[in-house]
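2 protein chains.
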Amino acid sequence: MIDHTHDASRASWVASANGHPQFPLQNLPMGVLDGADGRIVVAIGDCVLDARAALDAGLLDTLAPPARQALRAPSLNAWMGLPPRERRAIRHALFELLADGHPAAVQADRLLHAMADCRLALPAIVGGYTDFYCGIHHAVKAGTLFRPDNPLLPNYKHLPIAYHGRHSSITVSGEAVRRPWGQVAGDDGPRLQPSARVDFELELAIWAGPGNALGEPVPIADAPGHIAGYGLFNDWSARDIQAWEYKPLGPFQGKNFASTVSPWVVTSEALAPFRRAAMPRDASDPPLLDYLHDTQDQRLGGLDIELEVWISTPAMRTQGLPPHRLALSHAQHLYWTPAQMLAQHTLGGCNLRPGDLLASGTISTPDHSGDGSLLERTSGGRKPVTLPSGEQRTFLCDGDEITLRAHCGGAQGYRIGFGDCRARLAPAHPSPYSRDH
Amino acid sequence: MIDHTHDASRASWVASANGHPQFPLQNLPMGVLDGADGRIVVAIGDCVLDARAALDAGLLDTLAPPARQALRAPSLNAWMGLPPRERRAIRHALFELLADGHPAAVQADRLLHAMADCRLALPAIVGGYTDFYCGIHHAVKAGTLFRPDNPLLPNYKHLPIAYHGRHSSITVSGEAVRRPWGQVAGDDGPRLQPSARVDFELELAIWAGPGNALGEPVPIADAPGHIAGYGLFNDWSARDIQAWEYKPLGPFQGKNFASTVSPWVVTSEALAPFRRAAMPRDASDPPLLDYLHDTQDQRLGGLDIELEVWISTPAMRTQGLPPHRLALSHAQHLYWTPAQMLAQHTLGGCNLRPGDLLASGTISTPDHSGDGSLLERTSGGRKPVTLPSGEQRTFLCDGDEITLRAHCGGAQGYRIGFGDCRARLAPAHPSPYSRDH
């Protein structure tokens with residue numbers, strides 16, 4: 001899996017890329033510039049390279065026509081739909097173009113934009129979105145709040161549990177999220193109110209592609225080829241709405257008001273050096289059914305990704321206080337690998353398409369240091385968190401901003417980052433059932 | 001709401017339309033021809049009219065540019081996105097063109113195709129799909145199987161319960177459905193097998209449009225304008241997979257292997273004469289919260305639609321037996337109106353877009369005559385149904401074909417139908433986790 005695009009000794013002629021904490025030459029995540037004619041861009045140091053401009057300038061002529069066509073598209077769906085070898089060819093071509101010594105460096109330099117000046121769009125038109133539940137410590141801790149004696153349901157260790165989420169309300173990092181109205185249980189029956197328990201959830205986004213035909217499952221050994229890349233995902237949740245609505249059919253309006261995804265797609269190829277063994281199964285765990293077992297996946301299906309949640313409140317900003325890190329977690333806390341999720345998703349024949357999004361489920365540590373939600377951190381709203389401003393939080397207040405971050409590395413000689421997944425909570429709609437507002 | 005397009009005395013120059021049990025002049029459902037350049041068509045008697053050809057021939061020149069553009073599209077999404085007045089203008093123009101006495105009848109006649117020769121596609125690119133649970137007798141009967149003392153959960157009569165379904169696996173009537181593999185609980189732990197309990201569910205499809213911006217709820221009084229039309233929906237279900245997987249996050253692989261929708265969109269305008277009062281709430285029912293209450297919706301939010309389920313087995317076909325009607329139900333058994341479903345869906349700000357599909361949930365009668373699923377009909381698989389061939393069924397066998405049908409009418413002097421929603425159950429994949437098959 002390791003090829004020269006992971007060679008830490010290679011440097012870029014884009015000076016800011018060398019030693020960059022997120023976007024060195026070895027990362028090269030893909031994104032899309034916001035605008036009428038969305039353009040595919042690649043992050044390199046403090047800059048982005050316009051892929052269509054590079055094609056126009058003849059700087060990517062070694063690529064085959066399908067790869068060139070995919071890079072000219074206004075979203076990453078076609079790129080996600082390419083077979084892995086084509087995506088790899090694109091990575092190699094971009095790596096060489098941006099590496100020290102490329103003869104067209106001066107020409108390519110003119111096609112860079114400062115990242116600080118760029119506004120990024122959703123990287124793909126999200127076709128379908130499925131939310132898994134694979135962070136086992138979240139499942140245990142959230143389950144304990146509802147069922148103290150029996151936090152994990154009997155199916156949990158037999159298959160990656162998931163439900164379908166709402167894709168129309170997925171927005172890109174930077175867009176505000178409105179506090180939702182909903183029915184909330186009360187002593188005198190349910191009432192309509194803005195949710196009083198808005199929460200975040202720290203998840204990984206898994207971008208699917210090329211996908212499968214309806215009725216044709218993807219065997220687990222083939223599953224890695226159907227994952228184009230990764231991002232960060234905040235599965236905003238209204239706990240009070242969710243608690244009242246979710247039996248018997250699962251989460252609906254407690255979740256569908258918004259989800260936030262990060263704009264950069266960190267490619268499966270860039271993550272190759274940061275694979276690790278899947279979570280070891282305890283002796284007491286049930287054996288894996290064959291369709292979820294693959295030797296390679298057991299050996300390399302885990303991900304060495306540190307995950308962080310940061311909060312900034314209006315008062316903190318007024319006081320000039322920087323964002324505060326609420327949680328430090330790690331992708332090693334996923335009980336199921338992305339390949340297992342994908343094999344499970346397609347087992348019954350359900351078809352995935354390029355641009356479909358799987359989210360991992362909330363990824364928490366066993367203790368409170370890496371709680372992936374306030375539900376866990378505050379023990380269901382009973383134990384507030386104190387912030388550097390002296391404020392307390394059980395759930396989020398209007399104006400609070402949550403930023404998810406992630407990175408891999410260190411031991412490789414370089415570090416790659418995922419960029420930010422950030423959104424601020426806006427006040428609820430003034431009057432949801434009146435035409436006059 | 002009643003206008004001249006519901007006048008039973010008006011006849012069509014398309015002779016087969018007059019007295020047609022499904023597609024008289026007063027229906028005019030919209031569909032899309034299958035093919036490389038999907039074309040919008042309108043059903044009239046035993047024929048379909050090619051809308052694009054009619055535009056090209058100058059026969060719909062009274063329509064405003066947005067309406068004409070929508071009718072030229074390869075799917076009905078743009079048509080669904082039109083404001084209600086534009087959809088109404090299209091209906092009126094088509095009605096006049098196809099009514100007796102139109103001067104261009106001879107010219108338009110050349111633009112008709114025999115319906116028997118046409119293959120219809122999915123009417124729209126389905127953006128998102130949400131399955132409600134509004135058939136109260138199904139909720140009671142299915143709930144009784146799991147919770148005999150407490151079939152309806154406490155939230156049922158307070159809000160229309162729903163969950164997000166999978167839209168990528170929605171196919172159009174006529175396409176086979178493959179029996180899914182999945183994990184099924186067993187005495188020695190779960191095992192992987194083809195589902196042994198494949199079932200149908202009789203539902204109404206509700207096609208959304210124009211939709212709402214993210215964060216902007218649709219008040220219930222405006223909701224009817226956001227429903228472009230109706231169809232039939234078979235929410236295929238694998239009961240054994242569902243039973244093992246669905247706690248705590250709801251149905252996933254028990255449902256996402258396939259759903260079948262009917263190709264014709266019966267417009268909200270065509271259904272106007274068949275509105276009736278919403279289901280009356282018992283004195284013991286909780287009061288409606290304001291956002292779900294609208295006087296007009298209480299008076300006319302119900303639908304006078306008879307619903308049928310037909311079965312044909314391989315043995316029946318071999319013996320020359322016609323399909324057998326398994327169930328006769330009615331849309332009056334919906335506890336919540338489509339407008340209430342739509343208001344609930346958008347309450348928290350979740351955005352609907354043209355081509356999104358809401359399904360009603362299974363619509364059953366209180367007794368077994370109109371069971372909308374075999375789960376109910378066979379009391380969870382314990383009491384088999386005997387078919388005219390002498391065969392018994394608890395759940396479906398390979399080769400069984402299920403057809404949903406619906407119609408309204410009689411009292412109006414004409415009858416309108418929904419066309420068929422039909423699919424045959426194909427055998428399971430030979431080997432879902434092997435690359436060799």
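The listed protein sequences derive, respectively, from chains A and B.
FYI, the UniProt record's numbering numbers position 39 of the first sequence as 39, with every residue one higher than the one before it.
FYI, the UniProt record's numbering numbers position 89 of the second sequence as 89, with every residue one higher than the one before it.
By construction, the Cβ of each residue, glycine as well, lies at the ideal position given by its N, Cα and C atoms.
Keep in mind the model is a prediction, meaning the values are calculated, not measured.
In or out: residue i buried (at least 16 other Cβ within 10 Å) or exposed?
| i | result |
| --- | --- |
| G320 of chain B | exposed |
| K141 of chain A | buried |
| residue 440 of chain A | Nothing can be reported for residue 440 of chain A: it is not among the residues displayed for chain A, which extend from 1 to 437. |
| R299 of chain A | exposed |
| S12 of chain A | buried |
| P322 of chain B | exposed |
| T267 of chain A | buried |
| H4 of chain B | exposed |
| A36 of chain A | exposed |
| G101 of chain A | exposed |
| V106 of chain B | exposed |
| F146 of chain A | exposed |
Where do the ends of the alpha helix (DSSP H) carrying residue i lie?
| i | result |
| --- | --- |
| A422 of chain B | Rather than Ala, the amino acid found at residue 422 of chain B in this sequence is Arg. Run containing R422 of chain B: none in the alpha helix (DSSP H); it sits in the beta strand (DSSP E), C421 to A426. |
| P338 of chain A | P338 to T346 |
| D290 of chain B | Unbroken run through D290 of chain B: none, as it is neither H nor E. |
| G225 of chain B | Neither: G225 of chain B is in no alpha helix (DSSP H) and is coded neither H nor E. |
| V140 of chain B | I136 to F146 |
| L374 of chain A | L374 to R377 |
| D240 of chain B | R239 to E245 |
Note down the Cα distance separating residue i from residue j, rounded to an integer number of angstroms.
| i | j | result |
| --- | --- | --- |
| D371 of chain B | P65 of chain A | 55 Å |
| H437 of chain B | E216 of chain A | Unreliable positioning characterises H437 of chain B in this predicted model, as indicated by a pLDDT of 44, which lies under 50. The coordinate reading is nonetheless provided below. Answer to the nearest angstrom: the Cα atoms are 11 Å apart. |
| S379 of chain B | L76 of chain B | 39 Å |
| F418 of chain B | V184 of chain B | 36 Å |
| T130 of chain B | S259 of chain B | 12 Å |
| P83 of chain A | H345 of chain A | 19 Å |
| D149 of chain A | A73 of chain A | 52 Å |
| D304 of chain A | F274 of chain A | 5 Å |
| G399 of chain A | I311 of chain A | 10 Å |
| T337 of chain A | L159 of chain A | 11 Å |
| W236 of chain A | I402 of chain A | 10 Å |
| G19 of chain A | W264 of chain A | 19 Å |
| G374 of chain A | H167 of chain A | Residue identity check: residue 374 of chain A is Leu in the sequence provided, not Gly. About 23 Å. |
| P103 of chain B | F95 of chain B | 13 Å |
| N212 of chain A | R91 of chain A | 23 Å |
| M1 of chain A | I227 of chain A | Because M1 of chain A sits at a pLDDT of 45, beneath the cut-off of 50, its placement in the model cannot be relied upon, and the following sentence gives the value as read from the coordinates. Approximately 15 Å between the Cα atoms of the pair. |
| P151 of chain B | D50 of chain A | 58 Å |
| A426 of chain A | A162 of chain A | 28 Å |
| K157 of chain B | P286 of chain B | 7 Å |
| A15 of chain B | E86 of chain B | 28 Å |
Does DSSP classify residue i as helix, strand or coil?
| i | result |
| --- | --- |
| Q296 of chain A | helix |
| H330 of chain A | strand |
| Q319 of chain A | coil |
| A359 of chain A | strand |
| H6 of chain B | helix |
| G417 of chain A | strand |
| H158 of chain A | coil |
| residue 456 of chain A | Here chain A comprises residues numbered 1 to 437, so residue 456 of chain A is not present and cannot be evaluated. |
| G302 of chain B | strand |
| H429 of chain A | coil |
| H20 of chain B | coil |
| H368 of chain A | helix |
Could you please give the first and the last residue of the uninterrupted beta strand (DSSP E) stretch that includes residue i?
| i | result |
| --- | --- |
| P66 of chain A | No beta strand (DSSP E) holds P66 of chain A; the alpha helix (DSSP H) holding it covers P65 to R72. |
| A277 of chain A | Here A277 of chain A belongs to no beta strand (DSSP E), and DSSP marks it neither H nor E. |
| residue 504 of chain B | The displayed coordinates of chain B run from 1 to 437. Any statement about residue 504 of chain B would go beyond what the structure contains. |
| A208 of chain A | L202 to A208 |
| E308 of chain B | E306 to S312 |
| G409 of chain B | E401 to G409 |
| Q183 of chain A | W181 to V184 |
| V172 of chain A | I170 to V172 |
Would you say residue i faces chain C, with C-beta separation under 8 Å as the test?
| i | result |
| --- | --- |
| K383 of chain B | The structure shown contains no chain C; its protein chains are A and B. |
Please determine whether the Cβ atom of residue i lies at a distance below 7 Å from any heavy atom of the ligand ATP.
| i | result |
| --- | --- |
| P248 of chain A | Although the ligand ATP was asked about, the structure shown includes no ligands whatsoever. |
Going along the chain, which unbroken runs of the beta strand (DSSP E) with 3 or more residues stay wholly within the UniProt domain "Fumarylacetoacetase N-terminal" (26-123) of chain B?
30-33, 39-44, 47-50 and 112-114
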